[in-house]
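Residue numbers (the working numbering), protein chains in the order written: chain W, 1 to 107; chain U, 1 to 111.
These notes concern the structure reproduced below.
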Amino acid sequence: GIQVEQSPPDLILQEGANSTLRCNFSDSVNNLQWFHQNPWGQLINLFYIPSGTKQNGRLSATTVATERYSLLYISSSQTTDSGVYFCAVSTGNQFYFGTGTSLTVIP
Amino acid sequence: NAGVTQTPKFQVLKTGQSMTLQCAQDMNHEYMSWYRQDPGMGLRLIHYSVGAGITDQGEVPNGYNVSRSTTEDFPLRLLSAAPSQTSVYFCASGGAGGELFFGEGSRLTVL
């Protein structure tokens, strides 16, 4: 299967700070998604981004498929951004998840 | 706006008991899948289906069975539960665009 590595594993930020989360993957993929798992355990879609750049409010993501990595940017962080961020990749019908970045935003 | 619905949300089993986790989606998605989430290990694919009557194994299929008789439903069966199957289980469906949509999860404890 495809290996997916996320960094950093843990991140603590003061409210209002910016951050960059990274996802490296070991093979070519045709599907890459970012998810946020909130403190209640719900998994929420952030971006479907197999290549290129997308923005949604304070969040944006960039995937450089040829170099096998993706970045998730969080600007002006809020306490509601706390949780675990997962990257998932696929080449077909099987999805592979990284172990996530646990983000804590302190007021 | 039901999306993906999983039941039950919580379940406690004794070793050797059987049970079925239910998953239903109302988005007419062909693709459905089951994952387990264990501490520090992210989500791992158990089984998936690309349409009614078609299922296949993922990374960690041992101890689990699935079937897909309708587009809407994709139940996960544990025939003889073991403590190693204590986990949080997520069902997801995906449309033609490739995005996955998750249910709220089912927390299973096997004693």
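Just so it is clear, CB atoms sit at the ideal spot from N, CA and C, and this is done for glycine as well.
Residues bridged to residue i (per DSSP)
i	result
Lys54(W)	Ala61(W)
His36(W)	Ile44(W), Tyr85(W)
Met32(U)	Ser49(U), Ser93(U)
Gly20(W)	At residue 20(W) the sequence reads Thr, which differs from the Gly that was named. Tyr73(W), per the DSSP bridge assignment.
Ser90(W)	Asn31(W), Phe95(W)
Val12(U)	Thr109(U)
N-terminal and C-terminal residue of the beta strand (DSSP E) that residue i is part of
i	result
Ala24(U)	19 to 25
Ala92(U)	87 to 94
Asn65(U)	64 to 66
Ser106(U)	106 to 110
Phe106(W)	Just to set this straight, residue 106(W) is Ile in the shown sequence, not Phe. Where Ile106(W) is concerned, the enclosing beta strand (DSSP E) stretches over 101 to 106.
Leu100(U)	100 to 102
Ser7(W)	4 to 7
Neighbouring residues, chain C, relative to residue i (Cβ below 9 Å)
i	result
Leu46(W)	Structure shown: chain C not included; protein chains present are W and U.
Collapsed DSSP secondary structure at residue i in the structure displayed
i	result
Thr55(U)	strand
Ser84(U)	helix
Glu15(W)	coil
Glu67(W)	helix
Thr79(W)	helix
Asn31(W)	strand
Leu79(U)	coil
Thr119(U)	Coverage of chain U is limited to positions 1 through 111, which leaves residue 119(U) absent and any answer about it impossible.
Asp38(U)	coil
Gly26(W)	Here residue 26(W) is Ser; the residue named in the question, Gly, does not match the sequence. DSSP places Ser26(W) in coil when its eight states are reduced to three.
Phe74(U)	coil
Residue j beta carbon less than 7 Å from that of residue i
i	j	result
Val4(W)	Phe35(W)	no
Arg68(U)	Ser49(U)	yes
Ile2(W)	Asp27(W)	yes
Ile44(W)	Leu59(W)	no
Glu59(U)	Leu45(U)	yes
Thr20(W)	Leu71(W)	yes
Glu99(U)	Ala24(U)	no
Thr53(W)	Thr62(W)	yes
Thr91(W)	Asn18(W)	no
Arg107(U)	Thr20(U)	no
Gln57(U)	His47(U)	yes
Pro83(U)	Val66(U)	no
Gln22(U)	Pro75(U)	yes
Val88(U)	Gly105(U)	yes
Gln37(W)	Ile106(W)	no
Leu43(U)	Phe97(W)	yes
Phe90(U)	Tyr35(U)	yes
Thr101(W)	Gln42(W)	no
- Would the segment 72 to 89 of chain W and the segment 1 to 18 of chain U be scored as touching if the rule is three or more Cβ pairs under 8 Å? no
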